[in-house]
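Notes follow the structure.
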Amino acid sequence: DTLMLINDLTGEQIPDPVPEVVRQMLVVSHDFNTAVVTRSDKTKKVSAVIRPIKDDQHELIGVFMHIREKTLDQIRMAAKKA
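In my numbering, the protein residues as written are 9 to 90.
Right under this line is the structure:
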């Protein structure tokens, strides 16, 4: 199975962020209007942070992806700001 991130407003798939992290060696964050599609085809609002893992010589040794489901309070606060 593959993880699919989508734009929660448009339903469009967000391109896999890992190649960008590897290419630029920078942290990529998807915090606004981001959702993950579950195995049962439901969407859940999430925030995602993808970062390179480097060794002592600053060489890439992996990529860490942290995905966290947003709480109802976080969703309400974001709606108030919009």
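For every residue, glycine included, the Cβ atom is placed at its ideal position computed from N, Cα and C.
Bear in mind the structure is a predicted one, so any value in this text is a computation, not a measurement.
Cα-Cα separation between G19 and P60, rounded to whole angstroms: The sequence position of residue 19 within the sequence shown is 11, counting from 1. The sequence position of residue 60 within the sequence shown is 52, counting from 1. G19 and P60: Cα-Cα distance of roughly 27 Å.
3-residue-minimum beta strand (DSSP E) runs that sit fully inside the segment 27-67, ordered along the chain: Runs found: 36-38, 42-45, 51-62.
Distance between D63 and V44 (C-alpha atoms, nearest Å): Your numbering for residue 44 matches position 36 in the sequence shown. Your numbering for residue 63 matches position 55 in the sequence shown. In a straight line, the C-alpha of V44 is about 30 Å away from that of D63.
With 16 other Cβ atoms within 10 Å as the buried cut-off, status of D16: By one-based count along the sequence shown, residue 16 stands at place 8. Taking every protein chain shown into account, the CB of D16 has 16 or more other CB atoms within 10 angstroms, so this residue is buried.
Check: T46 C-beta below 7 Å from any heavy atom of the ligand NAP: Within the structure as shown, the ligand NAP is missing, as the structure has no ligands at all.
Beta-bridge pairing of G70 - partner residues as DSSP gives them: Looking up residue 70 in the sequence shown gives position 62. Bridge pairing for G70: I61 [DSSP].
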